[in-house]
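These notes concern the structure reproduced below.
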Amino acid sequence: MFSILKINTVTGETTKETDNSKEALLGGRTLSSRMVSKEVPAQCDPLGRQNKLFFCSGALAGTTASSCHRLSIGAKSPLTGGIKESNAGGILALRMAHQNLRCIVLEDAPEPDRDWKIVVIGKDKTELVDGSFLEGKGVYEKSDLLTEKFGKRAGCATIGPAAEKRLLASGLACSDPHGVCSRYAGRGGLGAVMASKRIIAMVVLDDAKVKPDYADKDEFKKGARKLITLLQENPVASKFTKYGTAAMVDICQALKVLPTRNFKHGAMDGAEKINAQAMYDTIKERGGEGRTQHACMPGCVIQCSNVYPKKDGTILCSPIEYETMALMGSNLCLTDLDAIAMMNRIANDAGVDTLDCGAAIGVAMEAGLAEFGDAKAAVRMMEEIREATPLGRILGSGVKLTAKILGVSHSPHVLGQALPAYEPRGTKGMAMTYLSTPMGADHTFGFTLRDEEDPTTKEGKVALSKKFQVIGSRMDAMGMCNFARYSVKDDMNPLLDLIKARFDVVITEEEFDDFVRETLRLEHQFNTDAGITAADYRFCESFYQEAQPETGEKIDITDQETAEARSW
Amino acid sequence: MVTLYFKLSDRAAIQIPVRQPETLGDLLERVSQETGTELGSYIAVRQGKVMARHQIVEDQDSIEIFPAISGG
């Protein structure tokens with residue numbers, strides 16, 4: 004029922020397998036993490052021959068349901084040394100569904116001097132074609148060249164020059180509905196994994212239209228309409244439509260958890276210059292190609308994305324997310340939205356994670372390479388990443404490595420992955436989540452902040468983090484957008500009913516959550532087998548020893564508590 | 008009087024007399040009923056600290072009400 008296409012990146016040989024399991028039906032992270040656990044030796048070199056790269060669509064991919072086309076990409080991470088699932092919007096999962104593919108696997112790795120190849124998947128054949136014309140080019144230019152060669156409607160995943168140099172913070176850029184590779188699976192260095200296989204792009208052609216064979220089409224239509232109503236009527240989801248994730252700037256500033264000055268502080272003077280309202284007003288005022296709302300994938304009614312224009316109205320960057328505004332803004336004491344947008348654009352072009360690179364620049368500023376608040380210097384450092392200068396290669400390899408090389412002890416990461424945009428001493432729930440995800444510090448993994456009655460206490464946070472690790476993982480587990488979770492947080496049946504109408508397969512809420520917990524258990528087992536120990540699930544010492552000035556809080560979470568939060 | 012600032016919202020700030028003792032949850036329920044609008048999930052902040060639903064509102068309080076969303 005569900006097809007898995009395996010491609011040997013050395014020989015070009017392909018095999019197609021079918022899998023009728025419920026895990027394959029769910030797809031998304033349920034499938035990608037199981038396949039990594041099963042097929043990748045945990046102790047292998049992440050950039051070696053034994054690592055594999057898995058692209059998994061979700062349960063409802065190819066249908067008309069809203070927000071269902073997230074693509075889960077899995078592998079062993081070169082950044083964390085553990086398992087990684089990073090997901091992106093865009094059209095690639097839809098194109099995979101049109102080719103009747105649930106999963107694409109890139110296997111093996113050729114000699115590092117082999118010419119770059121593009122994997123091209125069509126209805127009649129899969130082949131490796133010459134990709135050397137893309138070498139060294141930025142993602143925007145690569146995107147144009149891929150569109151020129153394969154058409155605007157092809158679903159592509161490509162890498163930037165940073166991944167070509169195997170920088171550890173490099174991501175994978177996937178096609179958006181306009182054919183631009185701007186939707187990032189940014190975290191964990193998965194771009195470097197694809198580069199290690201000498202694959203510079205993967206293209207799924209728009210030459211097939213396998214239509215979903217609905218078990219009950221009328222029920223599906225009814226269920227899809229119900230989901231739209233739930234999303235549109237949910238007051239939280241509707242806020243995303245107007246402001247996107249940028250709305251978090253004000254909330255985090257008010258709660259004193261806005262990363263500021265290399266995560267030394269939790270609030271920044273002038274935060275209102277880079278908040279959601281400032282961005283909304285700027286986009287509206289400049290007009291042109293600017294958009295305050297934009298769908299990253301076909302048929303999504305939340306439309307939390309945006310297009311940030313230059314002063315003349317032409318596109319500067321799309322999208323700008325809260326995490327980027329914080330890590331490349333407040334964390335560097337920048338109050339200039341245009342500078343943040345420019346840094347974001349360069350990151351997208353270089354093909355690197357904005358969080359890890361923003362955090363790395365924060366560390367570099369603390370090391371004295373530039374003054375906090377110096378926007379020109381911050382933009383210059385991003386250009387160094389794109390140009391792969393010696394400093395750029397260090398910054399583009401993430402915050403942990405940068406801090407070690409520059410001799411900075413306050414290094415904001417867990418398992419080598421930069422902290423997302425919530426200063427952990429002021430929110431012990433988010434701190435607990437950072438310390439207990441198998442992916443390295445990851446806010447989407449268990450977003451507690453909105454439900455913490457007292458963010459500064461650790462009491463009850465093991466249970467709270469675990470509760471939201473399940474809630475947060477549900478959407479990843481079946482390829483849904485994380486923001487749909489608000490509408491089904493207390494009742495997953497609207498989505499499970501869609502699965503029933505699509506496949507005539509019943510999955511109960513309890514069974515679904517069992518899949519989620521089993522995924523978490525497998526992911527942690529992979530990390531244990533990879534040699535990651537309890538001592539790795541910690542912040543650097545300064546978070547435990549130095550109080551954050553605004554809240555007076557230190558990290559007081561013990562190894563025992565984080566071990567409980569990792570126990571499934 | 009308590010002043011409520013609805014952040015990231017088209018609602019104007021409102022001032023409302025407090026019925027002592029009154030919890031934040033009760034006060035916001037009253038506001039919701041009087042204005043005929045649903046507040047949905049929210050994060051309330053008083054003097055830089057999160058305010059829980061069960062906490063007592065004091066006269067002259069200024070409280071910021073944010074929609075309870077998350078990052079992406």
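These protein sequence lines map, in sequence, to chains A and B. Just so we're aligned, residue 4 is where the first sequence starts under my numbering, counting upward by one. Just so we're aligned, residue 8 is where the second sequence starts under my numbering, counting upward by one. Where a beta carbon is used, it is the ideal one built from N, C-alpha and C, also for glycine. Computed from a predicted structure; not experimentally measured.
In the DSSP assignment, MET205 (chain A) falls within the beta strand (DSSP E) that extends over 202-207. With a cut-off of 8 Å on Cβ pairs, the stretch 115-128 of chain A is in contact with the stretch 197-208 of chain A, counting three or more such pairs.
For ILE76 (chain B), the closest Cβ of chain A is nearer than 7 Å.
As DSSP reads the structure, SER468 (chain A) sits in no beta bridge.
With a threshold of 7 Å between beta carbons, TYR437 (chain A) makes no contact with chain B. At least one C-beta of chain A is nearer than 7 Å to the C-beta of SER48 (chain B). Listed along chain B, the residues sitting closer than 9 Å to VAL239 (chain A) by beta-carbon distance are GLY47, SER48, PRO74, ALA75, ILE76 and SER77. At a cut-off of 7 Å between beta-carbon atoms, ALA59 (chain B) makes contact with chain A. The contact set of TYR246 (chain A) on chain B, defined by CB atoms closer than 7 Å, consists of LEU15 in chain order.
Taking each of A:TYR143, A:ALA257, A:ASP179 and A:GLU151 in turn and checking the Cα distance to PHE73 (chain B), the smallest one comes out for A:ALA257. For GLU71 (chain B), a Cβ of chain A is located within less than 7 Å of the residue's own Cβ. ALA279 (chain A) reaches chain B at LEU15, counting residues in chain order whose Cβ is nearer than 8 Å. Excluding its 5 nearest sequence neighbours in each direction, ALA45 (chain A) has C-beta neighbours in its own chain below 6 Å: PHE529, ASP532 and ALA533, listed in chain order.
The stretch 50-61 of chain A makes no contact with the stretch 383-403 of chain A: fewer than 3 CB pairs, one atom from each, lie closer than 8 Å.
The three-state reading of DSSP puts ALA353 (chain A) in helix, counting H, G and I together.
Straight-line measurement puts the Cα of GLU521 (chain A) at about 20 Å from the Cα of LEU498 (chain A). Rounded to whole angstroms, THR565 (chain A) and PRO312 (chain A) show a C-alpha spacing of 43 Å. The DSSP-derived three-state label of ARG73 (chain A) is coil. Every beta strand (DSSP E) stretch that sits fully inside the stretch 72-104 of chain A and reaches 3 residues is listed by chain position as 74-79 and 86-91. Along the stretch 442-463 of chain A, the positions whose C-beta sits under 9 Å from a C-beta of chain B are HIS446, THR447, PHE450, LEU452, ARG453, ASP454, GLU455, GLU456, ASP457, PRO458 and THR459, read in chain order.
With contacts defined as CB atoms closer than 7 Å, THR327 (chain A) and GLU292 (chain A) fail to qualify as a contacting pair. Flagged as an interface residue toward chain B: LYS242 (chain A), by a C-beta distance shorter than 7 Å.
Not flagged as an interface residue toward chain A: VAL9 (chain B), since no C-beta distance is shorter than 7 Å. Each residue's CA atom was taken as its position, placing ALA329 (chain A) and PRO238 (chain A) some 24 Å apart.
Taking a Cβ-Cβ cut-off of 9 Å, the neighbours of GLY55 (chain B) in chain A comprise ALA257, LEU258, LYS259, ALA270, GLU553 and THR554, given in sequence order. As computed with DSSP, PHE5 (chain A) is found in a beta bridge with A:ASP22. LEU171 (chain A) carries a coil assignment under DSSP once its states are collapsed to helix, strand and coil.
Contacts with chain A at 7 Å (Cβ-Cβ) do not include VAL25 (chain B). Annotation for MET8 (chain B): GLN22, ILE23, PRO24, VAL25, ASP66 and GLN67 place their beta carbon closer than 8 Å to its own, counting only its chain and skipping 5 residues before and after.
C-alpha of PRO552 (chain A) to C-alpha of SER241 (chain A): approximately 34 Å in a straight line. For VAL64 (chain B), not one C-beta of chain A is nearer than 7 Å to its own C-beta. The beta-carbon of VAL52 (chain B) is placed less than 7 Å from the nearest beta-carbon of chain A. Going by DSSP, LYS229 (chain A) is part of the alpha helix (DSSP H) stretching over 220-236.
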